[in-house]
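Residue numbers (the numbering used here): 21 to 393. For each residue, glycine too, the CB sits at the ideal point set by N, CA and C. First comes the structure, then the notes that go with it.
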Ligand code: GDD
Ligand code: MN
């Protein structure tokens, strides 16, 4: 079948694609689409909702709307969670030259989109950040005091460690050339909330960044998904980028969990010894407790996006414990060999620990929490 030029010309090409990650945002979809229609009148746009299989069936609401308005599209992802990954997938699914990313919860001021687009069109700008921290912008209504202080601290860290100069590198509201994301995509993390910071920090050449201020609104329906593990992921991202991607955020979390395991182990050992158990029994018990603690923490933090539940939680624990024991044997072997060559107890010990940890990390990533599907 050939498509004639005339047929193609009849369709208007889309200039702006608005990508909106959703997780349990059912109530917000209709009002948001209404607002987009009003704000983007006169622009050739589309909106792509990327939903992580929300329990409240957000995607059904989107599909209903898209039946009557072709500018509205839905992507449903299953067995996956992650704001950054959802945004990335939405961006890569469109051919529009310019993409905007914004939240579904009406906290972002959609009337600023036209000013952002004008900036993208008029100058050699790669990225426009809608900021709460410059000009008329503010986060006063949308954040409580603790969030506000935390947000400021995280921004300070990103600016200092990564030399990012934007006033709001944590913003979830920005506009960017799709070609730039196409180029950076393989380097971007799927985890966490901080896609903007990741884009800025991962670009090999300095980006031309514009800013438009806006006022962060309070959330009306539903609730925020930002929690402690999002904060952990953020710190992981800052350190990963600071180390020039030598350390991945996942590896870092795995390492931190491992360190916590040492503390758990020693505490449990001490308690068991105090209870009067023999050393070998206490040591075995402490190891079990540490493995259990590491497994649970890794399952809910390090591999949160691939979390094992129900029966799979138990089978995963067995796998993890089995691989860890092999890791102990391999680590001991390596440190003994090392010690025979170079009788420095701490060097040999460190080498053994690194080998053990490396083995555990690799088997965890590739087997216990392998990407499903
Ligand atoms: N698909 C998908 N998957 N969407 C998600 C997920 C997820 O795992 N987690 C959150 N979302 C969606 C929400 O449904 C919402 O549309 C948007 O991402 C933002 O989530 P919120 O939970 O409302 O975030 P917030 O308001 O607390 O945080 C805001 O401020 C941060 C800066 O402090 C957001 O704008 C963040 O992007 C921003 O980094
Ligand atoms: Mn929000």
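#### Entry: For residue 288 and residue 309, believed in contact at Cβ under 8 Å, the rounded distance
Against the chain shown, residue 309 aligns to sequence position 289. Against the chain shown, residue 288 aligns to sequence position 268. Confirmed, about 4 Å.
### Task
Please state whether DSSP places residue 43 in a helix, a strand or coil.
To locate residue 43, count along the chain shown from 1; it is residue 23. Coil.
### Query
DSSP three-state call for residue 264: helix, strand or coil?
Working through the chain shown from its first residue, we reach residue 264 at position 244. Reduced to three states, the DSSP call for residue 264 is coil.
### Nearest to residue 337 (by Cα), restricted to the options 233, 315 and 246
Counting from 1 along the chain shown, the entry for residue 337 is found at position 317. When C-alpha distances from residue 337 are compared across 233, 315 and 246, the shortest belongs to 315.
### Message
As a quick check of your reading: which residues have a C-beta less than 6 Å from at least one non-hydrogen atom of ligand 2, in chain order?
### Response
Listed along the chain, these residues meet the criterion: 123, 125, 127, 239 and 244.
### Query
For residue 209 versus residue 202, is the C-beta spacing smaller than 8 Å?
For this step, residue 209 is matched to residue 189 along the chain shown. For this step, residue 202 is matched to residue 182 along the chain shown. No, the Cβ-Cβ distance between residue 209 and residue 202 is not below 8 Å.
### Task
Less than 8 Å between the CB atoms is what I'm expecting for residue 125 and residue 229, so what's the real figure, rounded?
Start at 1 with the first residue of the chain shown, and residue 125 comes out as number 105. Start at 1 with the first residue of the chain shown, and residue 229 comes out as number 209. Incorrect: roughly 25 Å between the Cβ atoms, too far for contact.
### Residues bridged to residue 195 [DSSP beta-bridge criterion]
Within the chain shown, residue 195 is the residue found at index 175, counting from 1. The partner list for residue 195 (beta bridge, DSSP) reads 120 and 148.
### residue 48, buried or exposed, once every other Cβ within 10 Å from all chains shown has been counted against 16
Here residue 48 refers to the residue found at position 28 when the chain shown is read from its first residue. Label assigned to residue 48: buried.
### Query
residue 41: which of 89, 97, 33 and 65 sits nearest, CA to CA?
Position 21 of the chain shown holds residue 41. For residue 41, the nearest C-alpha among the options comes from 97.
### Query
Exposed or buried, residue 164, counting other C-beta atoms within 10 Å across all chains shown (16 or more means buried)?
Translated into positions along the chain shown, residue 164 becomes position 144. Exposed is the call here.
### Query
Hey, would you say the C-beta of residue 177 is under 7 Å away from at least one heavy atom of ligand 1?
Within the chain shown, residue 177 is the residue found at index 157, counting from 1. No - ligand 1 has no heavy atom lying nearer than 7 Å to the Cβ of residue 177.
### residue 171 beta carbon near ligand 1 (any heavy atom closer than 7 Å)
Position 151 of the chain shown, counted from the start, is the residue given in the question as residue 171. Correct: residue 171 has its Cβ closer than 7 Å to ligand 1.
### Task
Report whether the distance from the Cβ of residue 41 to the nearest heavy atom of ligand 1 is below 7 Å.
Position 21 of the chain shown holds residue 41. Result yes, Cβ under 7 Å from ligand 1.
### Task
Can you check DSSP and say which residues form a bridge with residue 79?
In the chain shown, counting from the first residue as 1, residue 79 sits at position 59. Looking at the DSSP assignment, residue 79 forms no beta bridge with any residue, so it has no partner.
### Query
When DSSP builds the beta bridges, which residues end up paired with residue 277?
Within the chain shown, numbered from 1, the residue matching residue 277 stands at position 257. Bridge partners of residue 277: none, in fact.
### CA nearest to the CA of residue 110, picked from 224, 215, 304 and 262
Your numbering for residue 110 matches position 90 in the chain shown. Residue 215 is the option with its Cα nearest to residue 110.
### Task
Would you identify the three-state DSSP class for residue 209, choosing helix, strand or coil?
Here residue 209 corresponds to residue number 189 of the chain shown, with the count starting at 1. Correct three-state label for residue 209: coil.
### Query
Considering only the beta carbon of each residue, do residue 240 and residue 194 sit closer than 8 Å?
Here residue 240 refers to the residue found at position 220 of the chain shown. Here residue 194 refers to the residue found at position 174 of the chain shown. Contact: no.
#### Entry: With 16 other Cβ atoms within 10 Å as the buried cut-off, status of residue 173
Walking along the chain shown from the start, residue 173 turns up at place 153. Exposed is the call here.
### Message
Could you tell me the alpha carbon to alpha carbon distance between residue 276 and residue 253, rounded to whole angstroms?
### Response
Start at 1 with the first residue of the chain shown, and residue 276 comes out as number 256. Start at 1 with the first residue of the chain shown, and residue 253 comes out as number 233. Here the C-alpha atom of residue 276 lies approximately 12 Å from the C-alpha atom of residue 253.
#### Entry: Closer than 7 Å: residue 88 CB and nearest ligand 1 heavy atom
For the purposes of this step, residue 88 is identified with residue 68 of the chain shown, where counting begins at 1. Set against 7 Å, the gap from the CB of residue 88 to the closest heavy atom of ligand 1 is not smaller.
### Message
Mapping the DSSP letters down to three states, classify residue 297 as helix, strand or coil.
### Response
Position 277 of the chain shown, counting from 1, holds the residue named residue 297. Reduced to three states, the DSSP call for residue 297 is coil.
### Message
Less than 8 Å between the beta carbons of residue 198 and residue 118, yes or no?
### Response
Along the chain shown, read from residue 1 onward, the residue named residue 198 stands at position 178. Along the chain shown, read from residue 1 onward, the residue named residue 118 stands at position 98. Yes.
### Message
For residue 231, report the span of its beta strand (DSSP E) as first-last.
### Response
The residue given as residue 231 occupies position 211 in the chain shown. Start and end: 229–233.
### Identity of the residues DSSP links to residue 175 by a beta bridge
Taking the first residue of the chain shown as position 1, residue 175 is located at position 155. Bridge partners of residue 175: none, in fact.
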